[in-house]
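Just so we're aligned, residue 205 is where the sequence shown starts under our numbering, counting upward by one. Here a beta-carbon is modelled for each residue, glycine too, at the ideal position from N, C-alpha and C. This structure is a prediction, so every number in the text was calculated from the model and none was measured. Take a look at the structure set out below.
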Amino acid sequence: MEPDIIPEEHLQEKLNEIFKTWPPHPSGDIYYTDLPTLAQQIDKSARIIDVGCGLNLYKQHFVNLIGIDPATDEADYKVTVEEFVTNQRFEIAFCFGSINYGSESRVKTQIAKTVDLLEPENTIYWRQRPYIKDNPYHNRVQVFDWTLEKNKEFCQYFGYTLDQYETEPNTRVYAKWIKSNT
Ligand SMILES: C[S@@+](CC[C@H](N)C(=O)[O-])C[C@H]1O[C@@H](n2cnc3c(N)ncnc32)[C@H](O)[C@@H]1O
Numbered sequence: 205m206e207p208d209i210i211p212e213e214h215l216q217e218k219l220n221e222i223f224k225t226w227p228p229h230p231s232g233d234i235y236y237t238d239l240p241t242l243a244q245q246i247d248k249s250a251r252i253i254d255v256g257c258g259l260n261l262y263k264q265h266f267v268n269l270i271g272i273d274p275a276t277d278e279a280d281y282k283v284t285v286e287e288f289v290t291n292q293r294f295e296i297a298f299c300f301g302s303i304n305y306g307s308e309s310r311v312k313t314q315i316a317k318t319v320d321l322l323e324p325e326n327t328i329y330w331r332q333r334p335y336i337k338d339n340p341y342h343n344r345v346q347v348f349d350w351t352l353e354k355n356k357e358f359c360q361y362f363g364y365t366l367d368q369y370e371t372e373p374n375t376r377v378y379a380k381w382i383k384s385n386t
């Protein structure tokens, strides 16, 4: 029998418990979103919000990057994206494996909050982990089923163009959303 999925009101608590001891990504495992690849295409001084920054590893290169994460001491602000308050507006958001859990309505709320933190013209870089049946790492957590169709639908809903969408060999997905005035 499938173990019960954790109710959404306890989901963040469970995620924090999981991610406070999550290991850093082994190099070579994350393809499109590893630091050397991003460093080649994004200006070093770009204003970046790293949503769910984990160990805040991208900060070593990007000098104006702020990392937020409710589970890790390495974050600049140890908060969820839902709770984060600032007057700053960013040109870029990284959402690498962080907006990935719970219901569609939870995910949409988190995206809306991320979009509010950004300049009118901005780019969101994504690493998404699609739902895989019986993945033991899911820990009774509902993994949002990211698909190409969902990326298209959400881009339209939030006013973005889906600039790039790639499936990595490890089954994760890389996506790049661009919002421009043209
Ligand atoms: C799979 S890890 C990825 C960490 C990091 N981005 C990386 O690429 O190594 C997902 C991260 O999202 C964070 N997270 C979970 N819920 C979050 C929320 N509501 N707001 C911001 N970050 C969250 C977790 O604490 C965790 O560090």
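- Sixteen is the threshold: since fewer than 16 other Cβ atoms of the shown chains lie within 10 Å of the Cβ of P240, the residue is exposed.
- For the 8 Å CB-CB criterion, Y305 and L215 form a contact.
- The three-state secondary structure of F294, taken from DSSP, is strand.
- Residue range V377 to K383 is occupied by the beta strand (DSSP E) that includes A379.
- DSSP assignment within the region 235-306 yields the following whole alpha helix (DSSP H) runs of 4 residues or more, N-terminal first: 239-245.
- Residue pairing of R331 in beta bridges, as defined by DSSP: F300 and Y378.
- The beta carbon of F223 is closer than 6 Å to those of A275 in its chain, skipping five residues each way along the sequence.
- Annotation: the continuous alpha helix (DSSP H) that includes T318 extends over E308 to D320.
- In the three-state scheme derived from DSSP, where H, G and I count as helix and E and B as strand, E372 is classed as coil.
- Judged by their CB atoms, V311 and F362 are not nearer to each other than the 8 Å cut-off.
- Residue side-chain check: W330 keeps its Cβ at 7 Å or more from all non-hydrogen atoms of ligand 1.
- The closest heavy atom of ligand 1 lies 7 Å or more from the beta carbon of F266.
- Here Q292 is exposed: its Cβ has fewer than 16 other Cβ atoms, across all protein chains shown, within 10 Å.
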